[in-house]
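In what follows, a structure is listed as structure tokens, so that the remarks can point back to it.
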Amino acid sequence: MEQFEWINQVKKIAQGIRKRTLEHTIKNGGGYLSQACSSAEILATLYTKVMNLGTVENPIKPKPFPGVPGAGNSRYFTGAEFHGARGKEYDRFFLSPAQYALVVYSALIETKRMAEDGLDYFNKDGYSVEMIGAEHSPGMEVTTGSLGQGISQAAGIAFARKRKGETGRIIVFLSDGELQIGQTWEALQAMAFHKLDNMILYIDVNGYQCDGKMTTVMNVEPIEKRLESFGLKALRIDGHNIEAIAQASESKPDGRPLAIVCDTNPTKDMEILCDRAPKFHYVRFANNEEKQKYILFSQDVALG
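Basically this note's numbering = 1-based index in the sequence shown + 479.
Following this line, the structure appears as structure tokens:
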């Protein structure tokens, strides 16, 4: 019964992530919607079941941008506060593809870590809730910059934590498009060489990137075999199977970083997106008529 309850809770959160992202996309005339379709179960499971994060007593309201970090800036902060207290036993989460920021914000709201009106500050001048998340954005503590940089920073922090004897893990969320980037593979081989088995990578393999279908732009399959050849332990699962997502993270450390390759659907529960194939990367309405179609879809279809 207990297992049934947490799975239902995760399903509800994943449904909320998709719904909230769809409503935000309609309201703002565009958004990274397919990313919510493919990653909702992954992020909902991470925040609910997998990651050991500090508690947040009350949902946090996003703060104004604190200014450029530096020794003279006492107002500076990172978005890690949304993950609760720091400690050697707590996990730390890194979002490598920063364009997924809207989905992470939705996940933070659905899991009561960010205030309900947090998205009202999205891309608003003077605030930290950026479209392409940065180190001060909710749920983030580094600026991942160009794709491929996030995993490198996470690996460095994992190395430092391992040397300090900290038991908390480094959880990294990646997109399959990042596997087309050389820096990603440099980081992976460094992680394997230094035996960073305190790292878990969740890779959203939805099969598409900004220029279209992955296999057409630059095929990186078979992903799990390539990862294994670089010295990682790789598991391949259904990225919408909540139990599989949670169970994969329980794999016993064996000296190798763990990569969980999650096969996902960029139009899951939103068949309206299918008309956009193969360009799912960003939804921007061509005209008011198209926007009205999405409004009707949001009113008529129960997500999840």
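The C-beta atom is built at its ideal place from N, Cα and C for all residues, glycine as well. In this text, all values refer to a predicted model and were calculated from it rather than measured experimentally.
Taking the alpha-carbon of residue i as reference, which of the options has the nearest alpha-carbon?
| i | options | result |
| --- | --- | --- |
| A519 | D676, I682, A756 and Q771 | I682 |
| Y555 | Q482, R565, F544 and A727 | F544 |
| E620 | M610, Q632, L706 and K731 | Q632 |
| L532 | K540, E609, N507 and R648 | R648 |
| A577 | R592, K567, L598 and V608 | V608 |
| A580 | G612, G635 and R642 | G612 |
| Q720 | E769, N744 and N698 | The question names Gln, but residue 720 is Asn in the sequence shown. Minimum Cα distance to N720 is reached at N744. |
| N602 | K747, T504, V696 and D779 | T504 |
| T622 | G644, K641, L574 and Q771 | L574 |
| S513 | K770, D599 and K747 | K747 |
| I774 | Q494, E568 and K498 | K498 |
| E750 | P736, L598 and D779 | D779 |
| Q482 | Q726, E768 and H562 | Q726 |
| E536 | A550, G563 and L525 | G563 |
| D803 | G546, K641 and F652 | Because the chain spans 480 through 783 in this model, residue 803 falls outside it and cannot be assessed. |
When you compare the CB positions of residue i and residue j, do they come within less than 8 Å of one another, or not?
| i | j | result |
| --- | --- | --- |
| Y511 | V582 | yes |
| D655 | D733 | no |
| H760 | Q688 | yes |
| I445 | T590 | Any question about residue 445 goes unanswered here, given that the chain covers just 480 to 783. |
| V489 | T527 | yes |
| F709 | H673 | no |
| E703 | T694 | no |
| A666 | A634 | yes |
| G618 | G558 | yes |
| F776 | G508 | no |
| T646 | K770 | no |
| R735 | L711 | yes |
Tell me which same chain residues have a C-beta within less than 6 Å of the C-beta of residue i, skipping the five on either side of it?
| i | result |
| --- | --- |
| M480 | Unreliable placement is indicated for M480, whose pLDDT of 49 sits below 50; the coordinate value is still reported in the next sentence. Closer than 6 Å at Cβ, skipping near neighbours: no residue. |
| I650 | M530, D570, F572 and I679 |
| N487 | none |
| L706 | A713 and A738 |
| K540 | A594 |
If you drop the 5 nearest sequence neighbours on each side, which residues of the same chain put their C-beta closer than 8 Å to that of residue i?
| i | result |
| --- | --- |
| K692 | G686 and P757 |
| E595 | P538 and I588 |
| S517 | D683, N685, G718, T743, N744, P745 and K747 |
| V740 | I682, V684, I702, E703, L706, A713, L714, R715 and I716 |
Who are the Cβ neighbours of residue i in its own chain at under 7 Å, not counting the five residues just before and after it?
| i | result |
| --- | --- |
| I453 | What the structure shows of the chain is the stretch from 480 to 783, and residue 453 is not part of that stretch, so it cannot be assessed. |
| P548 | Y555 |
| Q659 | M697 and V699 |
| E560 | I539 |
| Y606 | P541, P543, F544 and Y600 |
Threshold first: 3 residues or longer. Then list the beta strand (DSSP E) segments lying entirely within the stretch 547-605, N to C. Complete beta strand (DSSP E) runs here, min 3: 571-574.
With a floor of 3 residues, list each beta strand (DSSP E) that falls wholly inside the stretch 692-765, ordered by position along the chain. Within the stretch 692-765, the complete beta strand (DSSP E) runs of at least 3 residues are 712-717 and 737-742.
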